[in-house]
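**Student:** As given, the protein sequences belong to chains A and B, one line each in that order.
Its first residue numbered 83, the first sequence is counted upward by one per residue in our numbering.
Its first residue numbered -8, the second sequence is counted upward by one per residue in our numbering.
Think of the CB as a built atom: it goes at the ideal place given N, C-alpha and C, for glycine as much as any other residue.
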Amino acid sequence: MKRDIADAVSVAPVRLSGDRTDSRANDGTLTVSCIKTVSGLVLFIINQEPDAEREIVFTAKERYTLDSWRSLSGKTLESHNEDTRKEITVEEHSGAEHAFQKIFIPAKSICALFLKKR
Amino acid sequence: MIRSLLSIFLLAGTISAGAHGLSPVIMTVDETIAIKPWDPGIIGITFDQASDQSLVSKTDAASSVSALRDDILSLVRGFSIDLARCTVHTTTSMPWKDRIGPLRQRPPQKLTPWDTLGPKDFGIVEQLNYIRHLDRRVKMAWIINPLDDPNDVADLAEFLCVASTVKPRGAVNWAARRAALGVIEPFDVVWELGNESDGSENSERFPSFQFYIERCQLMIRAVRSVLPKAKFAAQASSMQGHVYKPEYKAKYGGTWEEFHRTVLREIGDDIDYITTHTYFGKSGGGYLPGSWWENRQDRIINDIKSITGANRIKIYNSEYGVWPEKRPGQTTWQQEWYATHSLAGCLAVGDWIVRNINNPDVAIATMHCFTSGPWGVYKHRTTMKRVKRYDAHRIAPGSSIFLLS
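1) Determine whether the Cβ of residue 280(B) lies closer than 8 Å to any Cβ atom of chain A.
2) Identify whether residue 133(A) lies in helix, strand or coil by the three-state DSSP scheme.
3) With distances taken from CA atoms, which of 106(B), 168(B) and 73(B) is nearest residue 176(B)?
4) Where does the unbroken beta strand (DSSP E) through residue 119(A) begin, and where does it stop?
5) If residue 213(B) sits next to residue 141(B), beta carbons under 8 Å apart, how far is it from one beta carbon to the other, in whole angstroms?
6) What residues from chain B crowd round residue 201(A), counting only those whose CB sits closer than 8 Å?
7) Buried or exposed, going by whether 16 or more other CB atoms sit within 10 Å of the CB of residue 39(B)?
8) Kindly provide the ranges of any alpha helix (DSSP H) runs that are 4 or more residues long and lie completely inside the segment 295 to 366 of chain B, ordered along the chain.
9) For chain B, is any of its Cβ atoms less than 8 Å away from the one on residue 28(A)?
10) Suppose only complete runs of 4+ residues qualify. What are the alpha helix (DSSP H) ranges in the segment 125 to 205 of chain B, listed by chain order?
11) Compare the C-beta of residue 346(B) with all C-beta atoms of chain A and state if any pair is closer than 8 Å.
12) Under 8 Å between C-beta atoms, does residue 37(A) make it to chain B?
13) Determine, using beta carbons only, whether residue 224(B) and residue 263(B) come nearer to each other than 8 Å.
14) Can you give the beta carbon distance from residue 125(B) to residue 70(B), rounded, assuming they're within the 8 Å contact cut?
15) Please confirm whether residue 150(A) and residue 177(A) have their CB atoms less than 8 Å apart.
16) Secondary structure at residue 144(A), three-state DSSP: helix, strand or coil?
17) Which residues of chain A have a Cβ atom closer than 9 Å to the Cβ of residue 264(B), listed in chain order?
18) With a threshold of 16 other CB atoms inside 10 Å of the CB of residue 321(B), please say whether the residue is buried or exposed.
19) Determine the closest residue to residue 98(B) out of 85(B), 324(B), 104(B) and 106(B), with distance taken between C-alpha atoms.
20) Between residue 285(B) and chain A, is the shortest Cβ-Cβ distance under 8 Å, so that the two count as touching?
21) Classify residue 280(B): buried if its beta carbon has 16 or more other beta carbons within 10 angstroms, exposed otherwise.
22) For residue -4(B), which residues in the same chain have their Cβ closer than 8 Å to its Cβ, ignoring the five residues on either side in sequence?
23) State the start and end residues of the unbroken alpha helix (DSSP H) segment that holds residue 55(B).
24) Does the CB of residue 141(A) have a neighbour CB from chain B at under 8 Å?
25) Is the beta carbon of residue 148(B) closer than 8 Å to that of residue 218(B)?
26) The beta strand (DSSP E) that contains residue 98(A), what's its start and end?
27) Starting from the C-beta of residue 111(A), find all residues in its chain whose C-beta is less than 6 Å away, skip the five residues before and the five after it, and write them out in chain order.
28) Determine the closest residue to residue 113(A) out of 181(A), 97(A) and 167(A), with distance taken between C-alpha atoms.
29) For residue 108(B), which three-state DSSP category applies?
30) Mind checking the segment 324 to 347 of chain B against chain A and listing, in chain order, the residues whose C-beta falls within less than 7 Å of any C-beta there?
31) Please go through the same chain and pick out, in chain order, the residues whose beta-carbon is closer than 6 Å to the beta-carbon of residue 130(B), but skip the five residues on each side of it.
32) Listing by chain order, which chain B residues have their CB less than 7 Å from the CB of residue 103(A)?
33) Taking the straight line between their C-alpha atoms, what separation do you get for residue 240(B) and residue 211(B)?
34) Answer with buried or exposed for residue 186(A), where buried requires no fewer than 16 other C-beta atoms within 10 angstroms of its C-beta.
35) Cutting at 6 Å between CB atoms, please list the residues of its own chain near residue 90(A), excluding the five before and the five after it.
36) What is the rounded straight-line gap between the Cα of residue 89(B) and the Cα of residue 364(B)?
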């Protein structure tokens, strides 16, 4: 099991509303899954918009803090890594102590958000 | 509930369109409900014995097990593998017993249509050792070639899944043989019945849906003679739409959908999964979106429910990934191989993983592929003397999986 979700329990439903969030439509560009863990939630967010970051406004039944998050992205959709070129990078980001309500997800990125129950 | 609604309204009051004109996204999670229990097998990966031949280091031909290369073992250490799918091409019938034991006694083999006949020192035991090296708790999905001898398949079930202390079914104690070769603990295996049997490489040997069914019945009976509770995955058509050709219907007398419908009607009671293969390509001038594939997969899920009257049978998405296609101006297919692990490729794969996680009827999945073709998470230099992971962050087609590790 991947270490960050070693204590995963179940998959929780996520409802999205806003532009291009219909995952069954051809123009949908944002998909999210939510894995419930013993200590909180892990949100796995894919933003396929080539240029637009997305503001995410979050609500859940319980209150959570953002413990940390991780993002994978690059300059262009054609970016790729080979022996001598490192165009895609993973960045680690710290969280915050206040209740998690909002985050900006970078354009063309894969993000994993680690939330802890308050 | 009231607090959640209040939060939405309070936040909505401050919401305005972003710099690119897109509205903010309202994300509402209800963690008191479970779509499904978490099964780490939803983010498994496929291993290809043919391309893993380069894993072996020089070993005495009298030895029964090849040693594996330290540089590669060191490179891949840290990947956790919850479900490993072991592929074998079903274009020819290759007795599994020829792929274990003293190296000098193993006959020359041709593992894929594009392979050359020769010694194959990375056999079944080497593969088991390799995958256990990655993760001791790994579960397996093992492809049975439906054309194999059912008795051999029953022996294979004993070899892979039975404790060495259990009384053998035949003259040879295959579980004890496995332990003697150094693989002490048995494996928990899902048995995959064939691999793209109606695909272009296999269809000559599978002339009809009924022939596939009859071979599956023989294989199920063989494995169940050893493992009464064994789980099976039968395939949906490998022609799930994007490569559909009119001659398919002429040959099989039905569309791609008739394949899995026949499977469900004939052996639905004996199977636990229907396998799907979903490759994202550029045949439409851009990546076929995940929504297209998900809608296609839903047609199979709907058939499962309508034909069996239940949702017990789940989807095993046993292969998925980006399929690179040569673009105008490119002289070779290989020039486009980077598309499997470009950022667009990572996003397409990540999006598909999210869809699989969210779909209550998709139980397990194995991304294609740990090593073969353009998909691997590490690559060989052309000299085959050195290997290198794509980079320290493991950025590869599997990056969206390994972002969590």
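**Tutor:** This is what the structure holds:
1) Interface residue, yes.
2) coil
3) 168(B)
4) 112 to 119
5) Going by Cβ atoms, the distance from residue 213(B) to residue 141(B) rounds to 4 Å, so yes, they are a contact pair.
6) Residue 201(A) lies beyond the stretch modelled for chain A, which goes from 83 to 200, so this question has no answer here.
7) buried
8) 334 to 349
9) Residue numbering for chain A in the displayed model covers 83 to 200; residue 28(A) lies beyond these limits and cannot be assessed.
10) 141 to 152 and 165 to 171
11) Yes, residue 346(B) lies at the interface with chain A (some Cβ there is under 8 Å from its Cβ).
12) Because chain A here runs from 83 to 200, residue 37(A) falls outside it and cannot be looked at.
13) The answer is yes: Cβ separation under 8 Å.
14) 5 Å
15) yes
16) coil
17) By Cβ distance, chain A contributes nothing, its closest Cβ being about 18 Å from residue 264(B), past 9 Å.
18) It counts as exposed.
19) 85(B)
20) yes
21) buried
22) Because the pLDDT at residue -4(B) is just 36, under 50, the model does not fix this residue reliably, and the value given afterwards should be weighed accordingly. There are no such residues.
23) Segment: none, residue 55(B) is in no alpha helix (DSSP H) and carries neither H nor E.
24) yes
25) yes
26) 96 to 99
27) 102, 130 and 131
28) 97(A)
29) In this structure, residue 108(B) counts as coil in the three-state DSSP scheme.
30) 329, 332, 333, 334, 335, 337, 338, 341, 342, 345 and 346
31) Contacts found: 74 and 179.
32) 16
33) 27 Å
34) exposed
35) 117 and 119
36) 25 Å
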